[in-house]
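Note sheet for the following structure.
Rendered as structure tokens:
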């Protein structure tokens, strides 16, 4: 067992994939000598050379589109987009092309492309670098959406993503890059199921990516108050693992969803709908949601923190679901 | 005043050996002639440009220092690009509209905007604060290249409003960098400006780096030559030469305002500092490169020129330095005394007249804040 950071875990996953499969290469802005905007690819250029660690022109649509072309040609590209906000410049390639080519080619062309990008706020980078749009991508048929929240998932999700015939988007939570945890070997993990990160019996708190730690912190505080919360990490945002979610909610009879995305038209809305559609009669309280304020993420630190889901908000939502008054 | 025969300005043909560009002032401060461009400043105007350059650099250094001390969230320094910004900024006529990136603090200064404004922005106190219409200087754009499209649309509006033509006509200048030249948005702006003959000058500060990526990762031809393919003139100017930057920009803007359509200026310069305070340029470039560019420093050459031409003496230079120091100190004091915005303001300016869910969240947050009142007693 060795302690490693989320950033190092992703780097190690890329390194392993490049060693195992010569079709794998990485491209994006500043991924070469600079080591990536968030330092993920540091040192990889030295090991694999500029043909496989490729600095690209500043053209998001081009490097995603070229990644599709490379995948169609038999390669296994990993495209790094600096942040999810910049992926908006490549939306046509991701949604109109990568996600539909299997369908539009009558099943002839799968697009085994992996697109990695940073998501989330909390680092004082202002509205155009801080949004959580992964739930929005989870709306799109044809895509597979992953959100590693732990060092083990950061390490283990890439290889199955590269083996998967679908275009896979991996959302790395920016606030986690320096988080460390124990890594046991770094085996590949499944990219199909949600995980119960903390068993409990009174309420199910559902988080993913950056909100997993928010949920776990809230659960610890609730435990001090005699409330036994179960915490479920979604891990895969599309396709959602309904079975794990519903199994938990049927046992606890209460659900609180914690999502850094906005609540309107969101992933949290989808989860809430699935729970009410499939487990309505098991519920003892309405499904609750703790999401970001319905504003562009503010730049000023105190306002940014106020706009984001915090453990205190999760605790309050859980207490409300349990019918306990605050104070 | 500048004059320029834009029909001879750059454009197609074979690539000239680098760094061929319009230059009026050498790094040694020698005034050189160019067949198409010149300036005819009064002594006072020459001294004024020097003053601008020194102050702009000093204020920028103060902002960097404030960020290092934790007083600003981030800062994108203009160090090394003062001449391109002051030259082009002073070339704007009052009626011209500028669309900047987040690095155009020098242009902002030339537009008469209080230099505290961008510091308020990067301190998180406000969203910029200046009135773009009053100062004819738009808000900083963060997403690379997006403003070139806004500028093009604005310029097309000038045409539609019949405000093109003659010396009083209006023009637009769109600032962007070498990295942005690879963006689809920028290339689409070129197409639109061209086919609609928009009164716009695309002013590209080629500072040689897009974060860590050198210019070779963006282009195989000098950037100014791209204009030919879009059907308008392009030229390269020594972006560390404030006189040449002024001359070519004034000529291009005047051509645009008179209905001759768009042009591209590549100001060949160097980002002497980091991309932003989040960046460490020693990770991707060698020190000798910076040394070579320091020999071409945009301020040093103006000082040498003023000295050689006996347009200024030591007392003048000392007085400018003192003024810059005063303004920097004043700026620091004002930054440190800026009040934090009330947290409830996070709900402002999403919709001009509110929105049901937003209003509910605001009310809930106000109640939450109110719950702390009295707890300090």
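Chains as they are written, first to last, in this note's numbering: chain A, 1422 to 1748; chain B, 9 to 385. Even glycine gets a Cβ: it sits at the ideal position worked out from N, Cα and C.
- DSSP links residue 1590/A through a beta bridge to 1536/A and 1566/A.
- Our two residues, residue 134/B and residue 1496/A, have alpha carbons roughly 47 Å apart in a direct line.
- When rounded, the separation of the alpha-carbon atoms in residue 278/B and residue 1643/A is 55 Å.
- For residue 1434/A, the three-state secondary structure derived from DSSP is helix.
- For the pair residue 1498/A and residue 1463/A, the CB atoms are not nearer than the 8 Å cut-off.
- Here residue 1601/A carries a strand assignment [DSSP, helix/strand/coil].
- The beta carbon of residue 1723/A falls within 8 Å of a beta carbon belonging to chain B, placing the residue at that interface.
- Within the stretch 346-377 of chain B, the residues whose Cβ lies closer than 8 Å to some Cβ of chain A are 348, 349, 351, 353, 354, 355, 358, 363, 365, 366, 369 and 373, listed in chain order.
- Linking residue 1554/A to residue 1506/A through their CA atoms gives a straight-line distance of about 8 Å.
- By the criterion of at least three beta-carbon pairs nearer than 8 Å, the stretch 210-224 of chain B is in contact with the stretch 186-193 of chain B.
- For residue 1650/A, the closest C-alpha among the options 1629/A, 1659/A, 1676/A and 1661/A is that of 1676/A.
- In the DSSP assignment, residue 1712/A falls outside any alpha helix (DSSP H) and within the unbroken beta strand (DSSP E) covering 1709-1713.
- Taking the beta carbon of residue 1709/A as reference, no residue of chain B falls within 8 Å; the closest one sits roughly 14 Å away.
- Using a Cβ distance threshold of 8 Å, residue 152/B and residue 191/B count as a contacting pair.
- For residue 1448/A, the beta-bridge partners assigned by DSSP are 1475/A and 1500/A.
- When 7 Å is used as the limit between beta carbons, residue 191/B is near these residues of chain A: 1479 and 1480, in chain order.
- Of all residues in the stretch 138-156 of chain B, those with a C-beta nearer than 7 Å to a C-beta of chain A are 150, 151 and 152, reading in chain order.
- Apart from sequence neighbours up to five positions away, the residues of its chain that approach residue 94/B with a beta-carbon distance below 7 Å are 57, 60, 61, 64, 114, 118 and 250, ordered along the chain.
- Between residue 274/B and chain A, the shortest Cβ-Cβ separation is not below 8 Å.
- Residue 1712/A sits away from residue 1746/A, with the two beta carbons spaced by 8 Å or more.
- DSSP places residue 1468/A in the uninterrupted alpha helix (DSSP H) bounded by 1465-1469.
- Annotated three-state conformation of residue 221/B is strand, per DSSP.
- For residue 1620/A, the nearest beta carbon of chain B is not closer than 8 Å to its own beta carbon.
- Looking from the CA of residue 1523/A, the closest CA among 1426/A, 1652/A and 1587/A belongs to 1587/A.
- In the structure shown, residue 183/B falls within a strand segment according to DSSP collapsed to helix, strand and coil.
- Chain B has a Cβ within less than 8 Å of the Cβ of residue 1549/A.
- The beta carbon of residue 132/B falls within 8 Å of a beta carbon belonging to chain A, placing the residue at that interface.
- Between the alpha carbons of residue 1552/A and residue 274/B lies a gap of roughly 33 Å.
- In the structure shown, the three-state DSSP call for residue 125/B is helix.
- By the Cβ-count criterion, residue 259/B is buried, with 16 or more other Cβ atoms from all chains shown falling within 10 Å of its own Cβ.
- A straight line joining the alpha-carbon of residue 1628/A with that of residue 148/B spans about 35 Å.
- Judged by beta-carbon spacing, residue 83/B lies within the 8 Å limit of residue 284/B, meaning their Cβ atoms are closer than that value.
- Bridge partners of residue 244/B according to DSSP: 274/B.
- Leaving aside the five residues that flank residue 90/B on each side, the residues in its chain whose CB is nearer than 7 Å to its CB run, in chain order, 61, 64, 65, 114, 306 and 307.
- Contact annotation for residue 219/B against chain A: 1450, 1451, 1455 and 1458 [CB-CB distance below 8 Å, chain order].
- Residue 213/B counts as buried, since at least 16 other C-beta atoms from the protein chains shown sit within 10 angstroms of its C-beta.
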